[in-house]
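Chains as they are written, first to last, in the UniProt record's numbering: chain A, 1 to 796; chain B, 1 to 796.
Take a look at the structure below.
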């Protein structure tokens with residue numbers, strides 16, 4: 001090994017004018033490192049901006065990527081300990097245990113996700129129950145007795161009680177999100193998508209997030225917001241996946257000591273994807289859809305074994321929900337129960353070739369409406385980010401939304417007179433409130449849409465006979481629901497967009513069906529429910545822009561395969577049309593959060609962007625044997641999560657940064673931490689002491705909880721040496737300096753890299769590429785031409 | 001650039017004792033190259049064997065990988081032409097055209113796959129029609145008139161006519177396979193699986209293969225063999241995908257000049273996966289199942305755009321089949337038609353929790369039976385490979401199978417007396433032949449199983465009332481079908497295993513249901529059809545060991561979601577149980593064919609196998625500027641499909657192979673060929689002339705059709721120089737020499753590599769790793785311990 005001494009000599013001999021004392025020591029002293037980093041950054045930013053105005057093949061961007069998101073560490077650190085572990089006789093047993101535990105954990109994930117989903121559903125059920133049977137029944141019956149004939153006056157009391165109850169529940173949800181776990185707000189799907197993409201979103205899969213999300217979504221749905229419980233269930237599933245696989249909880253500070261072998265980002269990410277699949281399976285009774293969702297939204301590669309375990313979790317979760325709900329609904333053990341989002345079964349399953357253009361048209365409408373929704377919601381979110389940032393302001397907005405939602409419902413019922421004879425629509429539940437506004441023997445179709453479980457309303461729109469809803473009812477309901485959903489998605493409560501979008505789409509789809517029926521009165525067999533289904537798919541597809549998984553989910557939720565083909569067609573057209581205008585809602589929110597997510601394909605027109613432009617040059621490298629004091633300095637002064645190891649570090653005569661030698665490996669910050677913590681030091685001149693027994697210690701990634709000061713290193717410790725070689729990953733991914741961006745992109749995407757090192761022709765380290773550096777380059781289409789846009793990396 | 005002359009001097013100065021004339025010239029002369037290659041190979045083999053007996057962590061293997069399979073070239077050669085193309089203003093147009101054409105081609109693939117599937121189905125329909133209405137009706141009515149009372153004697157005539165007709169059809173199928181396209185034999189799924197895995201199986205997607213397969217499978221199914229048409233349809237779809245995307249046909253020698261941009265392995269493989277998905281969609285009416293099939297069996301990574309196009313093809317194909325068949329069956333335009341394998345709709349969809357253990361038991365039985373099937377079929381295939389190798393012998397075997405299948409059916413009908421009153425089973429078609437053996441007003445249940453379309457028999461077993469089939473009937477039918485399928489799968493006709501396995505499984509599953517019903521007579525609601533479905537899934541799962549895609553296919557084919565959960569459970573248990581004994585049927589056949597397929601995960605216990613043990617050292621490299629004569633020599637004397645380019649080649653003083661300099665790039669054989677063909681030469685001393693205009697020329701991979709002699713190079717040409725640099729891929733994947741096998745494996749699997757170069761610490765080329773070198777290492781479990789087995793690479 002090249003010793004430090006020799007290097008310094010060489011370095012000095014290269015540059016004899018340099019003060020020998022201020023050589024490497026100067027470069028690596030604490031304050032200087034920060035200074036250099038800042039200086040580099042400024043240089044780079046300047047370069048970036050100058051590039052944007054000088055080079056023609058790129059558009060300038062006002063968008064940014066946030067520097068605060070780190071990548072997950074998906075790669076195995078194949079260090080010597082890891083290799084030696086295989087030589088031990090006990091390794092066969094470890095392999096067997098890991099393999100068994102993976103299945104066991106997936107089983108638990110399925111069971112617990114199912115439990116959480118059932119909990120949410122039962123909570124929603126009871127909160128609705130209280131509202132309907134207790135407040136309303138009592139008040140309405142009182143109204144009826146006292147003021148028969150002048151219901152309008154009494155109705156105000158009912159309405160205020162109704163809105164008050166809603167606001168109470170929404171307050172709980174909002175407080176949980178605003179004060180306990182901010183990440184639990186919204187649908188959670190964008191966050192999970194980022195996590196599965198390989199980005200460490202802070203706190204996204206913690207226990208407190210799970211608890212806030214589960215209770216919060218039950219409250220916000222129970223509180224009558226235009227919010228679905230499906231997205232939050234997926235997020236909950238993901239959190240369950242992470243929590244169980246780690247066998248400990250940060251939020252509670254409890255470590256059960258279980259499943260130590262899964263305590264790294266790679267394994268955790270796999271279990272999170274299984275949890276997300278289980279969440280979808282529980283929410284929609286759609287295990288295949290769940291697996292496809294995890295793949296479409298998250299996975300960058302298809303691994304049969306992992307997919308199969310995901311499938312297992314999804315199945316168990318769907319099974320658990322069915323079991324609990326069959327028991328809850330008094331048909332214990334009857335497993336053909338159908339998940340939480342049960343959209344009922346279609347009686348009329350035929351469709352004909354002349355209906356295909358109609359489905360295409362629905363797809364186009366859905367694409368346009370979805371794009372409009374996404375545009376408006378994005379603008380609204382930007383506005384909210386700027387002007388509604390205080391905690392109180394956000395809480396107030398939630399209450400306002402809850403109040404307006406309730407008020408609008410009552411107002412609509414008063415305004416529209418759509419009374420139908422009871423029994424005309426067998427799918428509508430005729431509660432007392434629905435009959436209030438109408439004559440005896442009739443009920444209000446509007447009320448049956450507004451004062452039902454949203455899932456029941458979807459069923460109504462899909463399956464009720466052709467004349468169950470008036471045209472005005474559908475128009476007003478559709479518009480109101482569209483606007484309320486728009487406002488609701490993004491406020492500080494857990495809220496999904498699936499069911500509201502389906503409901504909006506079902507309303508205008510049914511309207512479409514009625515119009516078709518009126519235009520072609522001679523054609524029999526037109527079922528507006530069929531068009532309601534197509535409309536629901538179109539609206540939802542237009543908003544979220546999923547295709548395959550959404551088809552599977554809708555097919556599984558309707559328990560029907562026959563409409564598979566038209567649904568696919570609708571979703572495909574929807575995505576095509578929507579993509580002309582903007583991107584999907586989840587992607588838009590990810591962009592707003594400035595998360596460095598990697599797309600599916602490298603940006604077009606990026607072949608001539610080479611590694612030397614992509615990489616960061618301000619690398620801090622280690623030698624294979626380093627003094628402890630220098631390591632502490634580096635850990636203190638940089639925030640890098642991994643450090644390349646080179647065979648020698650020389651001062652460069654031309655540049656202010658040192659000239660690194662050959663790339664020998666890399667080591668994670670957490671590993672260095674572990675080494676310092678365990679004091680794997682050597683005294684000056686002595687040889688190596690011994691390796692710690694458990695190599696999993698060096699695979700564990702959680703360095704979040706400790707600080708350097710906690711280690712209590714003495715000056716003597718700091719004077720020791722640390723032999724990094726046995727602990728470093730000895731053959732990190734490397735590319736030459738002339739590598740193109742698409743090539744780098746495929747490496748990152750295909751292998752889930754966190755670091756890629758750039759070497760010159762002699763294998764000398766020249767730079768490092770992280771996910772952010774790759775994600776910075778975005779493909780944009782402007783005036784029908786593709787451009788590569790280079791985003792600015794913000795420090796916030 | 002380092003010139004040849006200087007290198008030679010350096011080389012000589014390194015080894016002054018060497019005869020200067022016999023330097024590099026000697027190393028690279030034609031005969032010497034072959035000699036060296038042979039010598040290397042012998043050395044390697046010796047090394048291999050010695051390793052097998054000396055190293056303890058590996059088991060010795062009698063299995064081999066064939067050296068004749070090449071990898072597909074999935075990587076883009078990002079040479080200077082490719083990069084320059086992007087700078088041209090026309091490139092935006094090209095991008096747009098490629099993107100549009102991809103969709104257009106996928107549309108065509110869907111349409112044509114649908115057409116082929118419909119063609120096969122209609123062919124089978126007519127061939128059955130001829131058999132039933134023409135031969136049998138005529139003969140049986142004649143029998144009835146002449147010999148009423150003594151039917152047995154007359155039956156011989158019927159049987160001989162029946163068997164004769166079957167043999168005639170099977171002969172056509174066998175001749176097509178044996179004499180026209182041998183690769184068209186069998187199901188085709190193993191071959192497609194290998195192709196999608198990245199292996200160039202010769203002729204697998206040619207037009208003549210498609211024609212032989214389509215006509216052949218119609219004949220073999222029409223000829224009464226225990227064969228399904230689903231596997232061959234998937235193969236046909238894949239062939240359609242390849243054929244259409246290339247816009248030309250090798251078999252016909254026609255080049256339509258279309259879709260030139262897709263003429264490389266990478267694009268072709270994508271379209272083949274779309275074609276395979278379309279094939280599944282057409283065969284089972286299962287578009288989602290098709291996409292999952294392509295992913296589960298083939299894709300190594302999930303690309304959303306590609307998956308979406310696959311989905312589109314699958315949808316269009318399913319649509320086309322529905323349309324044609326709705327027209328063929330006189331209900332034109334009625335699109336709810338249900339694909340080719342229509343298993344009918346279940347009336348009784350309930351199941352209860354106490355049935356779960358029964359489903360698990362069915363899964364275990366299916367796993368065992370499937371494993372038994374695979375074991376016996378593998379032994380039989382080995383036997384056949386050894387002893388039935390002549391063309392005539394194979395033809396004879398096909399005829400024998402056809403005759404025995406027909407004979408056994410008749411024999412069984414005579415032997416078993418299972419007459420049921422007509423109307424007892426509404427799903428059984430009561431043709432005249434079924435009534436022959438029974439009294440008036442009755443029909444033979446056995447005959448209704450044997451003399452129906454297999455798909456109809458499946459429907460019968462799934463949906464007929466509980467007493468439609470006697471226990472003996474089911475036992476005898478199940479055993480006979482199991483054995484006949486065993487014999488049939490592997491003979492030289494196109495034949496799938498899906499439907500026969502489903503039929504076998506449905507028989508024993510129904511039997512299982514009847515037993516359950518007899519054991520628990522008090523429990524109501526036991527439907528043997530439900531257990532028949534579970535049995536069918538179990539038997540099929542036990543044979544092919546697919547999980548997710550098979551669940552989706554069965555769900556889509558039965559148009560039913562309710563049984564999704566039990567089917568998943570059954571398939572999961574089946575795979576677990578089956579995997580204890582052996583691997584799936586397709587994988588077993590792939591192993592028998594010695595194809596270097598890569599599994600999903602790197603072998604366990606392989607961390608300590610490093611690149612220097614995996615790589616081949618007998619690399620033939622080029623310099624960046626080479627004399628044409630040397631290139632011709634190399635092309636003539638090696639069969640390598642790609643050559644690394646290094647900055648200098650020196651003779652090594654220690655080894656018989658030269659000492660290569662830094663890795664600068666690599667170039668494909670086909671690209672060198674193109675350069676020679678277009679005479680992109682430079683005279684001694686002169687600079688470069690110019691680049692050919694169309695860079696797609698240098699991406700085109702088909703060099704199969706030309707030989708070096710066809711190029712007609714003159715001695716003057718040979719004295720020229722070729723500047724390789726603009727055409728080579730300038731940054732190939734490289735790993736250091738201490739890289740572990742799992743790391744290498746993930747690179748190959750995740751990126752679809754063909755070549756991986758091994759460099760030393762100074763970036764000097766030291767070896768090359770191809771797919772075969774990686775696939776050589778196989779994980780095996782022996783005595784509950786994992787071992788890595790190193791296969792022998794055979795030259796055949």
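Note that CB positions come from ideal geometry on N, CA and C, so glycine has one too.
For residue 759(B), the uninterrupted beta strand (DSSP E) run begins and ends at 755-759, by DSSP. Judged by beta-carbon spacing, residue 562(B) lies within the 9 Å limit of residue 350(B), meaning their Cβ atoms are closer than that value. If you look at residue 419(A), you'll find it in the beta strand (DSSP E) that goes 419-421. Between residue 192(A) and the set 239(A), 78(A), 471(A), 182(A), the nearest pair of CA atoms involves 239(A). By the Cβ rule, the stretch 641-648 of chain B counts as touching the stretch 659-671 of chain B, because three or more pairs are nearer than 8 Å. Within the DSSP bridge table, the entry for residue 764(A) names 662(A) as partners. The way I'd put it, the stretch 102-114 of chain A doesn't touch the stretch 200-209 of chain A; fewer than three beta-carbon pairs between them come closer than 8 Å. Chain-order list of chain A residues neighbouring residue 723(B): empty, with the shortest C-beta distance near 17 Å, by a criterion of under 7 Å. Each of 590(A), 766(A), 681(A), 765(A) was checked against the Cα of residue 381(A), and the nearest Cα belongs to 590(A). Under DSSP, residue 320(A) shares a beta bridge with no residue. Considering only 479(A), 329(A), 604(A), the residue with the shortest C-alpha distance to residue 94(B) is 604(A). Residue pairing for residue 214(B): DSSP places it in no beta bridge.
For residue 507(A), the enclosing alpha helix (DSSP H) covers residues 498-519.
In the pairwise beta carbon analysis, the stretch 504-518 of chain B is classified as not touching the stretch 302-318 of chain B: fewer than three pairs are separated by under 8 Å.
Assigned with DSSP and collapsed to three states, residue 253(B) falls in coil, not helix or strand. Using a 10 angstroms sphere on the CB of residue 787(B), the tally of other CB atoms reaches 16 or more, which defines it as buried. Residues are counted here when their Cβ sits less than 9 Å from a Cβ of chain B; for the stretch 522-544 of chain A the count is zero.
Chain order gives the chain B residues near residue 315(A) as 565, 568, 569, 572, where near means a beta carbon separation below 8 Å. Residue 517(A) and residue 565(A) have their C-alpha atoms some 22 Å from each other.
At least 9 Å separates the CB of residue 649(B) from every CB of chain A. Contact between residue 607(A) and residue 83(B) holds: CB atoms are separated by about 5 Å, below the 8 Å threshold. Residue 755(A) counts as buried, since no fewer than 16 other beta carbons sit within 10 angstroms of its beta carbon. Interface criterion met: the Cβ of residue 742(B) is under 9 Å from a Cβ in chain A.
Ranked by Cα distance from residue 639(A), the first of 619(A), 625(A), 651(A), 652(A) is 619(A). Here the C-alpha atom of residue 76(B) lies approximately 48 Å from the C-alpha atom of residue 217(A). Within the same chain, and ignoring the five residues on either side of residue 106(B) in sequence, the residues whose Cβ sits closer than 7 Å to its Cβ are 274, 309, 312, 313. Across the stretch 77-88 of chain A, CB contacts with chain B closer than 9 Å involve 78, 82, 83, 84, 85, 86, 87, in sequence order along the chain. Nearest in C-alpha terms to residue 137(B), of all of 121(B), 158(B), 397(B), is 158(B).
Cβ contact annotation for residue 306(B) (same chain, cutoff 6 Å, sequence separation greater than five): 270, in chain order. CA-to-CA, the gap between residue 252(A) and residue 180(A) works out to about 13 Å. The three-state reading of DSSP puts residue 787(B) in strand, counting E and B together. Taken through DSSP and simplified to helix, strand or coil, residue 201(A) comes out as coil. Among the CB atoms of chain A, none fall inside 9 Å of the CB of residue 366(B).
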